[in-house]
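Enquirer: Have a look at the structure that comes next, please.
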Amino acid sequence: TWASGPAPGAPIQAQAESTPERVIRLIALPFRVLNGDERAGFLGHSLPEAIAVSLAGLRSLTVRSTLLAARLAGGNQDPRHIAKEADVDMVLAGTMLCEDNQAQVTAELIHAPSGTLVGTYVCNTKLDDLIQVQDSMVRGIVESLVLRLTEHEQRALDHNVPTSSRAYEFYLRANYVQRQRTPESLAIARDLYRECLDEDPDYAPAWARLGRCYRTLE
2 TWASGPAPGA PIQAQAESTP ERVIRLIALP FRVLNGDERA GFLGHSLPEA IAVSLAGLRS
62 LTVRSTLLAA RLAGGNQDPR HIAKEADVDM VLAGTMLCED NQAQVTAELI HAPSGTLVGT
122 YVCNTKLDDL IQVQDSMVRG IVESLVLRLT EHEQRALDHN VPTSSRAYEF YLRANYVQRQ
182 RTPESLAIAR DLYRECLDED PDYAPAWARL GRCYRTLE
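Numbering (the numbering used here), first residue to last: 2 to 219.
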């Protein structure tokens, strides 16, 4: 579930209502996997990355790159420091606790310059049912930031996750492997994207990333 806190000094929410073209800058940091479960380790990077990619399609948000997010995650994680380094208004940070086939995902949306908590998210789910986590977290961020979506953006959010949990796992694993940027890792990612699309041929993000893999390998 997503719970919205007080707006960061109120001006952000008020401006979002009065000037819908205002662009909010956001960065999604890698989530910390608390118990170091090797089977779920890839999720710490790939789940927030999938959330960031989904949000990047909204005209009222500017989402910083996951490469920058990974670099900042290894240093001082004070939101005010990140606000300065990444030049952002909002930081999404979270943790994952995985045991057997269960996962607890906890996240915070923070107004970075002031350190004010804007919203919190907690979800207990099965590892093979993480689709709902991305979907509910993205929608919670949209609601917390009072973003006004166009009809096209709303339709895109309705289709920002695949219909199959197996397809989603293949997609997240491929995203994680692809980060290494070696010919070997790209070939593995390519095959994982193809398995994702075998499960859900209509999942556009996997087609886009598969195309990048082919182009880079060629």
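A virtual CB, placed ideally from N, CA and C, is assigned to each residue, including glycine.
For clarity, every value in this text was computed on a predicted model and none was experimentally measured.
Considering only residues of the same chain and omitting the five flanking positions on each side of Leu69, which have a CB-CB separation below 8 angstroms?
Expert: If we look at Leu69 and ignore the five residues flanking it on each side, its Cβ neighbours are Ile28 and Ala87.
Enquirer: Which word fits Arg174, buried or exposed, when buried means at least 16 other C-beta atoms lie within 10 angstroms of its C-beta?
Expert: Flag for Arg174 reads buried.
Enquirer: Strictly by DSSP, which residues pair up with Arg26?
Expert: Answer by DSSP bridge pairing, in chain order: Thr63.
Enquirer: Rounding to the nearest angstrom, what Cα-Cα distance links Thr107 and Val89 in this structure?
Expert: Near 21 angstroms, if we compare the C-alpha coordinates of Val89 and Thr107.
Enquirer: Taking the beta strand (DSSP E) that Thr96 belongs to, which residues open and close that run?
Expert: Taken as a continuous stretch (DSSP letters only), the beta strand (DSSP E) holding Thr96 covers Met91 to Glu100.
Enquirer: To which residues of the same chain is Cys214 closer than 6 angstroms at the C-beta, ignoring the five residues directly before and after it?
Expert: If we look at Cys214 and ignore the five residues flanking it on each side, its Cβ neighbours are Leu187, Ala190 and Arg191.
Enquirer: Look up Leu75 in the DSSP assignment and say whether it is helix, strand or coil.
Expert: The displayed chain sequence assigns Gly, not Leu, to residue 75. Residue state, collapsed to three classes: coil.
Enquirer: DSSP three-state call for Thr164: helix, strand or coil?
Expert: Of the three classes helix, strand and coil, the one that applies to Thr164 here is coil, per DSSP.
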